[in-house]
Amino acid sequence: MEQSELHYKKMTETPVVKLVVRLGIPTTFSMLITSIYNMVDTYFVGNLGESPQGAIGILFTLQSIIQAVAFMLGHGSGTYVAKELANRDTDKASSYVSSAFFIGGIAGVIFTALGLIFLTPFMRLLGSTETILPYAKDYGFWVLVSCPFMICSLVMNNNLRYEGKATYAMIGLCSGGVLNMGLDYVFVRICDMGVFGAGMATAISQIISFVILLIMYARHAQSKIALRYVSRQFALYAAICRNGLPSLIRQCLNSVSGGALNHLAGKYGELANVGDAAITAMSVVNRISNFVMCVGMGISQGLQPVASFNYQAKQYSRVKKALKATLLLVLVCVTVLAVPVLIFPRQIVLLFQKSENVVKIAAPALQYAMAGIMFMPLFIPVNMTYQSIRKAGTASFLALLRSGLIFIPVLFAATALWQITGLQIAQPLSDVITGLINIPFLIHFFRTTPNT
Numbered sequence: 028m029e030q031s032e033l034h035y036k037k038m039t040e041t042p043v044v045k046l047v048v049r050l051g052i053p054t055t056f057s058m059l060i061t062s063i064y065n066m067v068d069t070y071f072v073g074n075l076g077e078s079p080q081g082a083i084g085i086l087f088t089l090q091s092i093i094q095a096v097a098f099m100l101g102h103g104s105g106t107y108v109a110k111e112l113a114n115r116d117t118d119k120a121s122s123y124v125s126s127a128f129f130i131g132g133i134a135g136v137i138f139t140a141l142g143l144i145f146l147t148p149f150m151r152l153l154g155s156t157e158t159i160l161p162y163a164k165d166y167g168f169w170v171l172v173s174c175p176f177m178i179c180s181l182v183m184n185n186n187l188r189y190e191g192k193a194t195y196a197m198i199g200l201c202s203g204g205v206l207n208m209g210l211d212y213v214f215v216r217i218c219d220m221g222v223f224g225a226g227m228a229t230a231i232s233q234i235i236s237f238v239i240l241l242i243m244y245a246r247h248a249q250s251k252i253a254l255r256y257v258s259r260q261f262a263l264y265a266a267i268c269r270n271g272l273p274s275l276i277r278q279c280l281n282s283v284s285g286g287a288l289n290h291l292a293g294k295y296g297e298l299a300n301v302g303d304a305a306i307t308a309m310s311v312v313n314r315i316s317n318f319v320m321c322v323g324m325g326i327s328q329g330l331q332p333v334a335s336f337n338y339q340a341k342q343y344s345r346v347k348k349a350l351k352a353t354l355l356l357v358l359v360c361v362t363v364l365a366v367p368v369l370i371f372p373r374q375i376v377l378l379f380q381k382s383e384n385v386v387k388i389a390a391p392a393l394q395y396a397m398a399g400i401m402f403m404p405l406f407i408p409v410n411m412t413y414q415s416i417r418k419a420g421t422a423s424f425l426a427l428l429r430s431g432l433i434f435i436p437v438l439f440a441a442t443a444l445w446q447i448t449g450l451q452i453a454q455p456l457s458d459v460i461t462g463l464i465n466i467p468f469l470i471h472f473f474r475t476t477p478n479t
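Residue 28 is where the sequence shown starts when you use this note's numbering, and the numbers rise one by one after that.
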């Protein structure tokens, strides 16, 4: 039996819970490794002081901008790759992934050039204070250098997942993540290169991860990445961008909201006479929160190829079963991780930053964040399901909620009323509201999707 037939049989006949777990575990592991190496950056740079660690939080926003483009192209092309593989058309699938890969590389080069030319105003725009700015520029230089490799890596990673090859995607990302942790120790601790060394470690690991993913894709994917498959049809690029729009919205709004949070943290940190402590505290909270969230995100991304492939194959009951299983799995996993953080927030913050001003702000903020994350099963799987079945309008609206339509007004209102306390509660409150808004969309999906 040829590869396409084996793949079709696996995606339409394997029990859906087993399939979601099989595809979700490698993705979850990849995201955990990525989150861990971000936390390792936070740990090593945190030993250098509040301002250097604040720079890591600033650059997290920049990485979100880069990932926004990458996920738009990766998810947008991936859903169509799954669709065409369900139709047994590997050439059309190759056209989608090749077009996304090369246009992503071009976009990355342009972004790198513009970012390096306007580095100082760019870092200020992202929320750098004058004390954080030199460190943000050191780290930001390397993040920008690695931009084209990061975008192309994430395009390949997501398309491997949509082909049901999540293990190979994991190998590429995890190799880079593990290398980054080792290089952090060498460059920051042994070579005493500070934030500049941490940034260089990130760039080197991204480039090596790109090379490994390229090898994995060439050897194991059904679709192919080659210039001959790059489309000249505008409609294909429009379809990729339209279906990838929810991912772009999610990540872009993370960047916008992150920048807003940094600016307000700097403002109210000065008013409270704690300097950069508020920015640093929220940076630590975001890193720890993202570690917990990446488990739910990873499992939900295991749902995406299952939903996309089976919806195209008209196996609608399998899509519904997969969503139910994912909702339960995400709830269990997030609860297991969030509860210890709720109980020991101070001790966890102290692992990353010893400043008492930072700990005072970060510890309660971390507790609030974990309470909000408990609502994650109500919005991430639902949003990803609508995107996977190519309901781009609904998916885009849902993607606007958490970090945009809900979070930004809540952030400004809460900080105006309660200043530092407003910073601490804005995201958790947004998570609760977003989860509740998603409930009618979840019910609608189950009521309107056929049972066949």
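Note that CB positions come from ideal geometry on N, CA and C, so glycine has one too.
By the Cβ-count criterion, Ala228 is buried, with 16 or more other Cβ atoms from all chains shown falling within 10 Å of its own Cβ. For the segment 62-127, there is no continuous beta strand (DSSP E) assignment of 3+ residues that stays within its boundaries.
DSSP places Ile470 within a helical segment (H, G or I) once states are collapsed to three. With respect to Thr88, Gly286 sits close: the two C-beta atoms are nearer than 7 angstroms. Exposure of Val213 is indicated by the presence of fewer than 16 other C-beta atoms within 10 angstroms of its C-beta. In the three-state scheme derived from DSSP, where H, G and I count as helix and E and B as strand, Ala443 is classed as helix. For Leu241 and Lys381, the gap between their C-alpha atoms comes out near 41 angstroms.
It is roughly 22 angstroms from the alpha-carbon of Ser284 to the alpha-carbon of Asp68. Tyr264 and Ala196 have their alpha carbons spaced roughly 23 angstroms apart. Take Ala95, set aside five residues on each side of it, and the residues of its chain with a beta-carbon closer than 6 angstroms to its own are Leu275, Gln278, Cys279, in chain order. Distances from the CA of Ser415 to each of Ser335, Lys164, Asp303, Ile400 were compared; the closest alpha carbon is that of Ser335. Around the beta-carbon of Asp118, fewer than 16 other beta-carbon atoms lie within 10 Å, marking it exposed. Where Met183 is concerned, the enclosing alpha helix (DSSP H) starts and stops at 174-189.
Val357 is positioned such that its CB atom lies closer than 7 angstroms to that of Pro404.
When secondary structure is reduced to three states using DSSP, Thr229 falls in the helix class.
The segment 189-203 and the segment 160-176 do not touch, with fewer than 3 CB-CB distances between them shorter than 8 angstroms.
Contact annotation: Cys360 and Ser62 have beta-carbon atoms that are not nearer than 7 angstroms. Under the DSSP assignment, Asn478 falls outside any alpha helix (DSSP H); it carries neither an H nor an E label. By the Cβ neighbour-count rule, Cys218 is exposed, with fewer than 16 other Cβ atoms within 10 Å of its own. DSSP places Glu157 outside any alpha helix (DSSP H), giving it a letter other than H or E. If you check the CB distance, Phe71 and Val215 come in under 7 angstroms. Within a 10 Å sphere around the beta-carbon of Gln30 sit fewer than 16 other beta-carbons, which makes this residue exposed. Tyr64 is not a Cβ neighbour of Asn185, given a cutoff of 7 angstroms. Pairing Arg151 with Ser282, the inter-Cα distance amounts to about 14 angstroms. Here His471 is exposed: its Cβ has fewer than 16 other Cβ atoms, across all protein chains shown, within 10 Å.
In this structure, Lys110 sits near Gln339, with a CB-CB distance shorter than 7 angstroms.
The three-state secondary structure of Arg314, taken from DSSP, is helix. Annotation: Asp458 to Lys387 spans about 23 angstroms, alpha carbon to alpha carbon.
Nearest to Val409 by C-alpha distance, out of Ala422, Ala398, Arg417, is Ala422. Excluding the 5 residues flanking it on each side, Val437 has same chain C-beta neighbours closer than 6 angstroms at Ala453, Leu456, Ser457, in chain order. Around the Cβ of Arg373, a 10 Å sphere holds fewer than 16 other Cβ atoms; the residue is exposed. Closest in C-alpha terms to Ser327, from the list Lys294, Leu354, Val376, Phe145, comes Leu354.
In this structure, DSSP gives Leu153 a state outside helix and strand, which the three-state scheme calls coil. Close CB contacts of His102 within its chain, under the 6 angstroms cut and outside five residues either way in sequence, are with Asn185, Gly271, Ser274 (chain order). Taking the C-beta atoms as reference points, Thr476 is found nearer than 7 angstroms to Lys347.
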